[in-house]
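Asker:
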Amino acid sequence: AQKVIQVWSTTSRQEGEKLTLDCSYKTSQVLYHLFWYKHLLSGEMVLLIRQMPSTIAIERSGRYSVVFQKSRKSISLVISTLQPDDSGKYFCALWEHPSNTDKVVFGTGTRLQVSP
Amino acid sequence: ETAVFQTPNYHVTQVGNEVSFNCKQTLGHDTMYWYKQDSKKLLKIMFSYNNKQLIVNETVPRRFSPQSSDKAHLNLRIKSVEPEDSAVYLCASSLNRGRSYEQYFGPGTRLTVL
Chain V
1 AQKVIQVWST
11 TSRQEGEKLT
21 LDCSYKTSQV
31 LYHLFWYKHL
41 LSGEMVLLIR
51 QMPSTIAIER
61 SGRYSVVFQK
71 SRKSISLVIS
81 TLQPDDSGKY
91 FCALWEHPSN
101 TDKVVFGTGT
111 RLQVSP
Chain S
117 ETAVFQTPNY
127 HVTQVGNEVS
137 FNCKQTLGHD
147 TMYWYKQDSK
157 KLLKIMFSYN
167 NKQLIVNETV
177 PRRFSPQSSD
187 KAHLNLRIKS
197 VEPEDSAVYL
207 CASSLNRGRS
217 YEQYFGPGTR
227 LTVL
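Take a look at the structure:
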């Protein structure tokens with residue numbers, strides 16, 4: 001069963017709009033971290049947000065924020081004032097602690113296309 | 117069911133040894149990648165391989181080398197491991213064709229260097 005679920009595989013918006021990307025996750029651990037990454041066509045993976053259940057630690061601020069609903073096991077990425085450069089693929093990911101693998105589990109990603 | 121397969125799941129070795137990690141994708145994708153996941157969960161791209169063109173991140177030490185027999189396979193060899201090589205190595209594949217774009221990650225290989 002998938003641990004990290006991103007329902008939308010692709011979406012498109014106009015420049016200037018606000019976007020919410022949904023992600024739900026499954027875990028029985030008390031301690032875990034959640035991440036949002038942006039994948040660029042160059043292959044680079046940029047860490048946007050790191051979220052812990054009790055606090056918010058934002059790796060990238062500015063136009064990125066999250067709506068974290070711990071009881072629903074949901075973390076949505078919100079991008080305000082979209083720009084064409086925001087186009088790319090966004091991955092939600094989960095790291096559980098303790099973990100004997102230390103591996104981050106990724107969702108399948110949501111592709112965003114922003115039109116001028 | 118994952119469509120990007122990595123072996124082994126874990127590997128423990130000693131400094132100076134050679135290791136090799138395998139990655140295979142069954143999605144028909146045309147590009148494959150290797151990433152190193154550090155302790156802060158930052159993903160650093162090491163290599164990408166597309167239609168026999170290799171793109172290397174210049175900060176990757178020369179003891180790391182990718183090996184590809186075809187577009188479905190991209191292995192990673194580390195010639196003489198060092199302690200700082202301990203990390204999770206993630207393989208991924210992607211297909212970018214017109215309006216369609218997919219990318220999937222493998223489950224990762226955890227390397228521990230003693």
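Residue numbers (the numbering used here), protein chains in the order written: chain V, 1 to 116; chain S, 117 to 230. Using N, Cα and C, we set each Cβ at its ideal position, and we do this for glycine too.
Pick out whichever of V/115, V/112, V/21 and V/42 has its Cα sitting closest to the Cα of residue 93 of chain V.
Answerer: V/21
Asker: Taking the CB atoms as reference points, tell me whether residue 190 of chain S and residue 146 of chain S lie closer together than 8 Å.
Answerer: no
Asker: Under 8 Å between C-beta atoms, does residue 212 of chain S make it to chain V?
Answerer: True, the Cβ-Cβ gap to chain V drops below 8 Å.
Asker: By the criterion of Cβ-Cβ separation under 7 Å, what are the contact partners of residue 39 of chain V in chain S?
Answerer: 219
Asker: If you reduce the DSSP assignment to three classes, tell me which class residue 178 of chain S lands in.
Answerer: coil
Asker: Using a C-beta to C-beta distance shorter than 9 Å, which residues of chain V count as neighbours of residue 183 of chain S?
Answerer: Neighbours of residue 183 of chain S in chain V, taken as residues at a C-beta separation under 9 Å, are lacking, since the least C-beta distance is about 18 Å.
Asker: Thinking C-alpha only, which one of V/19, V/9 and V/10 is nearest residue 82 of chain V?
Answerer: V/19
Asker: Given that a residue counts as buried once 16 or more other Cβ atoms are within 10 Å of its Cβ, and exposed if not, what is residue 142 of chain S?
Answerer: Its Cβ having fewer than 16 others within 10 Å, residue 142 of chain S is exposed.
Asker: Whether or not the region 3–15 of chain V and the region 99–116 of chain V are in contact is what I'm after, with contact meaning three or more pairs of Cβ atoms, one per stretch, closer than 8 Å; do they touch?
Answerer: yes
Asker: Which one or two residues does DSSP pair with residue 183 of chain S in a beta bridge?
Answerer: In the DSSP output, where bridge partners are listed per residue, residue 183 of chain S has S/191.
Asker: For the beta strand (DSSP E) containing residue 71 of chain V, list its first residue and its last residue.
Answerer: First-last for residue 71 of chain V: undefined, no H or E at that position.
Asker: Name, please, each residue of chain B whose Cβ falls closer than 9 Å to the Cβ of residue 141 of chain S.
Answerer: Among the protein chains in the structure shown, which are V and S, there is no chain B.
Asker: Could you name the residues of chain S that residue 45 of chain V contacts, counting a contact when the two beta carbons are closer than 7 Å?
Answerer: 151, 159 and 161
Asker: With a cut-off of 8 Å, does the C-beta of residue 109 of chain V fall near any C-beta of chain S?
Answerer: yes
Asker: Going by DSSP, what residue range makes up the beta strand (DSSP E) through residue 96 of chain V?
Answerer: 88–97
Asker: Tell me which same chain residues have a C-beta within less than 7 Å of the C-beta of residue 170 of chain S, skipping the five on either side of it?
Answerer: 163 and 182
Asker: For residue 168 of chain S, count the other beta carbons within 10 Å of its own beta carbon; 16 or more makes it buried, fewer makes it exposed. Which is it?
Answerer: So residue 168 of chain S counts as exposed.
Asker: Taking the alpha carbon of residue 64 of chain V as the point to measure from, which residue in V/28, V/8, V/35 and V/25 has its own alpha carbon closest?
Answerer: V/35
Asker: For residue 36 of chain V, go through chain S and note every residue whose CB falls closer than 9 Å to its CB, in chain order.
Answerer: Within 9 Å Cβ-Cβ: nothing; residue 36 of chain V doesn't reach chain S, min ~11 Å.
Asker: Rounding to the nearest angstrom, what Cα-Cα distance links residue 25 of chain V and residue 85 of chain V in this structure?
Answerer: Looking at the two C-alpha atoms, the distance is approximately 27 Å.
Asker: Which residues in chain S sit within 8 Å of residue 95 of chain V, going by Cβ to Cβ distance?
Answerer: 157
Asker: On the DSSP bridge list, what partners appear for residue 147 of chain S?
Answerer: S/166 and S/210.
Asker: Against residue 192 of chain V, what residues of chain S qualify as contacts under a CB-to-CB distance less than 7 Å, listed in chain order?
Answerer: The question about residue 192 of chain V has no answer, for chain V in this structure spans 1 to 116.
Asker: If residue 225 of chain S and residue 197 of chain S are in contact, beta carbons under 8 Å, what's the gap, nearest whole angstrom?
Answerer: That belief does not hold up - the Cβ atoms of residue 225 of chain S and residue 197 of chain S are roughly 13 Å apart, past 8 Å.
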